[in-house]
Amino acid sequence: MRVLLITGKGGVGKTTVAAATALRSADLGYRTLVMSTDPAHSLGDAFALPLGDDPGEVVPGLFGQQIDAQRRLDSHWGTVRDYLADLFDWGGASSISAEELVVFPGMDELFALAEVQDHVASEAYDVIVVDCAPTAETLRLLSLPDVLGWYMDKLFPMERRVAKVIRPVLSKVMSMPLPGDDVFEAGEGFYERIEGVRRVLSDPDITSARLVMNLEKMVVAEARRTYTYLGLFGYAVDAAVVNRIIPDAVTDPYFKRWREVQSEHLETVEGAFADLGLLKLRLFDEEMIGVDKLRLVGEELYGEDDPTDRLAESAPFSMRDEGDEVVLQISLPFVERTEVDVIRHHDEVIVTVGSYRRALVLPDSLRRRQIVGARLKEGMLDVRFGVKDE
Ligand SMILES: Nc1ncnc2c1ncn2[C@@H]1O[C@H](COP(=O)(O)OP(=O)(O)OP(=O)(O)O)[C@@H](O)[C@H]1O
Ligand SMILES: [Mg+2]
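With the numbering used here applied, the sequence shown covers 39 to 428.
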């Protein structure tokens, strides 16, 4: 079972890459599902086929699904929301719509992702490709069961058994609506689903994220930040997908400068994602819409390789507190010599070992700390950050 998350900034080619990856996977004989959470129905547009909320067949062995996040939200969360609406209404907050109060940022996306968990459980597919543009909020929610736990506590301040006992009493003396069993069940169901999807997505044997980007400064910068945060949150990223590379065959002087700019950014990409598989896709001379063209895209992206393979062992890194200091641990599995050079350059840490160079964008929490030491031991590099600058 494999889950491939295709992610990246708006417009970089996520849907195209997701569709082409899924098509190639199905052509190799894997039962494949490609799903999208984009309300704009762009997955259907990419295949030039109408796709709905239930999986529909695109070609033999390939199914496509465009998730209606709002519908999922209603069906899984509706009971809870209705209760909260009653509660807020009782509290005099009726002018605020229940939706506004209950749907925290990223929640609809979260429900769409929860669908992945159902498909994994059903064992109907060998490969699930997700065309997703997760917001920072979604990633955070998914990564931290603690955060969800916090929400659950806020929404369900009373233990279920307590509610059972006091409900009949309380409802006699006051009109405050108390949550019924159905509300607790819905809340618990929600929590379990999210827990389940978190487990699936953070298992590197199952899930790999692929970062799609174009060779533009802002786009590369954003992809690097996403890489850092996915790593910190425990998701395995296995490839960088560089899309819209202007081919060498384009000799028009107008594009000469563009090609120079692109090759500069490509160097940055090669350094920043050195541990990942690098998939390249040229800028075609037309939009790549429909099954035939997407097949070409898939061939160009993966060549003879199996798109469902793990294209790189994830290069995990982690942070831990040591007293007042924070240690950033970066795995450098192929490095044996101890001539490691670690420098800080603006908000990046750059690790050089011989010809190997890796640059990592620092998470916000480390920006105001200076590097005070580094040590390489058993394929792990510990970079120590001192106390926070005032
Ligand atoms: N390498 C390429 N050559 C030519 N056209 C491309 C290429 N990659 C993508 N396109 C076209 O660019 C358009 C946008 O691509 P796509 O929809 O895949 O981007 P996206 O990242 O999913 O966008 P969004 O963030 O809006 O979901 C589509 O019309 C697609 O056919
Ligand atoms: Mg898209």
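Heads up, the beta-carbon is just placed ideally off N, CA and C, and yes, glycines get one too.
Under DSSP, residue 85 shares a beta bridge with no residue. Beta-bridge annotation (DSSP): residue 379 is paired with 390. Apart from the 5 residues on each side of it in sequence, residue 333 sits with its Cβ closer than 8 Å to the Cβ of 58, 61, 62 and 65 in its chain, given in chain order. The count of Cβ pairs closer than 8 Å, one atom from the stretch 77–87 and one from the stretch 101–113, reaches three, so the stretches are in contact. The closest heavy atom of ligand 1 lies 7 Å or more from the beta carbon of residue 39. Restricting attention to 169, 91 and 228, the CA atom closest to the CA of residue 117 is found in 228.
Per DSSP, reduced to three states, the secondary structure at residue 318 is strand. Rounded to the nearest angstrom, the gap between the Cα atoms of residue 317 and residue 243 is 20 Å.
If you check the C-beta of residue 254 against ligand 1, you find no heavy atom less than 7 Å away. Shown here for residue 235: same chain residues with a beta carbon closer than 6 Å to its own, the five before and five after excluded, namely 151, 152, 154 and 155 in chain order.
Looking at the backbone, the Cα of residue 331 and that of residue 409 are separated by about 49 Å. In this structure, the C-beta of residue 73 stays at least 7 Å away from each heavy atom of ligand 1. With a cut-off of 7 Å, the C-beta of residue 415 is classified as distant from ligand 2, since no heavy atom of the ligand falls inside that distance. In the structure shown, residue 349 adopts coil according to DSSP, grouped into three states. At the C-beta level, residue 272 and residue 240 come within 8 Å of one another.
Residue 289 sits in coil when the DSSP states are folded into three classes, being neither helix nor strand.
In terms of CA proximity to residue 265, 307 leads the group 75, 307 and 41. When C-alpha distances from residue 77 are compared across 48, 97, 92 and 107, the shortest belongs to 107. Here residue 365 has 358, 420 and 422 as same chain residues with Cβ atoms under 6 Å from its own Cβ, once five neighbours each way along the sequence are excluded.
Under DSSP, the beta-bridge partners assigned to residue 248 are 44 and 277. In this structure, residue 325 has its CB closer than 7 Å to one or more heavy atoms of ligand 1.
In the three-state DSSP reduction, residue 329 falls in the helix class (H, G or I).
Residue 425 is not a Cβ neighbour of residue 351, given a cutoff of 8 Å.
Residue 396 and residue 310 have their C-alpha atoms spaced approximately 6 Å apart. It is roughly 47 Å from the alpha-carbon of residue 321 to the alpha-carbon of residue 224. Here DSSP, grouped into helix, strand and coil, assigns residue 363 to strand. Relative to the Cα of residue 69, the nearest Cα in the group 79, 48, 93 and 83 belongs to 93.
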